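Colleague: For reference, each letter of the sequence shown is one residue, going 1408 to 1875 in this note's numbering. Ideal placement from N, C-alpha and C gives every residue a C-beta, glycine not left out. Remember, it's a predicted structure, so these values are computed and weren't measured experimentally.
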Amino acid sequence: MQTTPVNGAVTIERRPTLQWLVFPNGNKINKARLLLDGKAVPLRQVASNDAVALIYQPAADLIPGSHTLGYTLEFAGFESITLSSGFVIADKGPDLYGGKNRLKLADMEAEALLVLNNYRQALGLSALLKNERLSMSAQAHANYQGLNQIQGHYERPDTPGFTGNRPQDRAYFFGYEGYVGEGINFSRPIAGTGIDGLMDAPYHRLGHINPNFREAGIAFGWQPEQTIINYGTTEKFLDDRTMLYPYPGQLDAKIAWFVAEEPKPLARYGQDKVTVGYPISLSVHEDKTVELKTRSATLTDDSGRSVPFYLVDSSQEKDNKKHVFIIPVQPLAAGKTYTAAVSGVRLQKDGTSIPLNRTWSFTTRAELAIRHIGVITLRNNDYIEVITKNGDVPDLNYTLSRDGKKVCGYVGQEKKYYLYDGEKLENGEYSLEMASSSFLHKVNYKVTISGFGEERKCTWGQALHYSN
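#1: Going by beta carbon distance, what residues of the same chain come within less than 8 Å of Tyr1526, once the five residues before and after it are set aside?
#2: Helix or strand or just coil, what does DSSP make of Glu1518?
#3: Can you list, in chain order, the residues of its chain whose CB lies under 8 Å from that of Pro1501, leaving out five sequence neighbours each side?
#4: Could you pull out every residue in the same chain whose Cβ sits closer than 8 Å to the Cβ of Val1752, ignoring the five residues on either side in sequence?
#5: Helix or strand or just coil, what does DSSP make of Ile1687?
#6: Can you tell me whether Ile1557 is helix, strand or coil according to DSSP?
#7: According to DSSP, is Ala1416 helix, strand or coil?
#8: In its own chain, which residues sit with a C-beta less than 6 Å from the C-beta of Val1495, not counting the 5 before and 5 after it?
#9: Take Ser1843 as the anchor and find which of Ala1454, Ala1663 and Arg1863 has the nearest alpha-carbon.
#10: Got a sec? Which residues, its chain only, sit under 6 Å from Leu1803 by beta carbon, not counting five neighbours each side?
#11: Report the three-state DSSP secondary structure of Phe1580 (helix, strand or coil).
#12: What is the residue span of the alpha helix (DSSP H) that Pro1431 lies within?
#13: Pair every Cβ in the segment 1419–1433 with every Cβ in the segment 1574–1586, then say whether three or more of these pairs are closer than 8 Å.
#14: Counting only runs that start and end within the segment 1450–1521, where is the beta strand (DSSP E) found for 3 or more residues in a row?
#15: With 16 as the cutoff for other CB atoms within 10 Å, does Thr1866 come out buried or exposed?
#16: Specify the secondary structure class of Thr1876 as computed by DSSP and reduced to three states.
#17: Roughly how many angstroms lie between the CA atoms of Asn1619 and Phe1716, to the nearest whole one?
#18: Between the Cα of Lys1729 and those of Thr1705, Ala1467, Ala1748 and Val1697, spot the shortest distance and give me the residue it belongs to.
#19: Out of Ser1690, Ile1636 and Gly1711, which one is the CA nearest neighbour of Asn1575?
Right, here's the structure in full:
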């Protein structure tokens, strides 16, 4: 039996839906009663598959403060069951946007949601709709992490900005009554690249590509730098599609990923904070499957040669056991086609099993390409930061020049930014050259820097390619 709100929940919603989810197992419900603050209220019964929801929707606002719930349920031939719980309606929520540029945040959220939905569209999934309550719960957690200078998914009641221990609790605080998932990327929140970062990290990718989510809210923070997404749905997880990424036929897959994720996907192999090949995933997301058990997994290149990889599957997981990660030991080659194959079985709640066999191919992006260029300030000096569409290329090098003279650059092997000969990064037109041993060609872009302060930005034109 499950109750909503859960015992001890806090919400600012004045008319929260009160629900008791029961599983009769074929038994007839003789009696069901709910006492709200000691008074009986009318219940609706809604049956779905093997569950019955007993629901009361207040017709008027409940007053702020503590409220009690008393449940009584009786099945034919059994003694009655009595449960009690309580919840709190907060007088008002925290000031989420005080001192913030609300318009800028709205534009950033719209851009990030567009980036996410582009991924979902490529996978044949429905677009996620913006939900304001989920946006509020995400922003509240971003604020909380800034106030307390911590990182993670959980909050403590005795700390500033607390709105709920778990993502589910925080969403409920703001009146969202569906199932909630959360992803957090700790990097500069620019141009939706935090969404890319979550897609690259295999565990966090699972939220992006879950076919059962219907809506989302996205928020941002700067101290620490972060993008937070809360996914949600008020429906059951019934969509049993097998999700593959990179997806079959993809022509622009990334080649590399820098391992920096919690939980650590390669903990079993003693690998973390290293560059590996781009993670390949197979996953299922519906509720009837309890485990996806792997029998075999392979990865081959376009010459049929086996590609060494780390396998992460249910045998290594304590909780979520419905995915397989194939993580190549070394970065993949650019412009090459790879074929992944997974054979396994989906173990069901009812004890049955469903065979699962998938073989699919994808191709990595052939040329270096820019995802984003921005100006960053380090130790009081301005530099150009380039994010590519190719993943975490370990030896990416680039130089920004003006009138044939080098101004600044980045050396991937050293992970260092450079200013040349006391130059300063001023507004104007530049030439950007990028190169990596993983790619056949260097690329050159015309870059324009304009604006001031937070509005300073870079624009770039079409790439020109030439041989290394």
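Modeller: Quick look at the numbers:
#1: Ile1602, Met1606, His1615 and Ile1616
#2: helix
#3: Ala1547, Asn1550, Gly1568 and Thr1570
#4: Leu1699, Lys1700, Arg1702, Ser1760, Ile1761, Pro1762 and Leu1763
#5: strand
#6: coil
#7: strand
#8: Val1417 and Ser1473
#9: Ala1663
#10: Gly1819 and Ser1843
#11: helix
#12: Careful: Pro1431 lies outside any alpha helix (DSSP H) and carries neither H nor E.
#13: yes
#14: 1451–1455, 1458–1463, 1472–1482 and 1488–1496
#15: exposed
#16: Nothing can be reported for residue 1876, as the shown portion of the chain is limited to 1408 through 1875.
#17: 29 Å
#18: Val1697
#19: A quick correction: the sequence has Gln, not Asn, at residue 1575. Nearest option by C-alpha distance: Ile1636.
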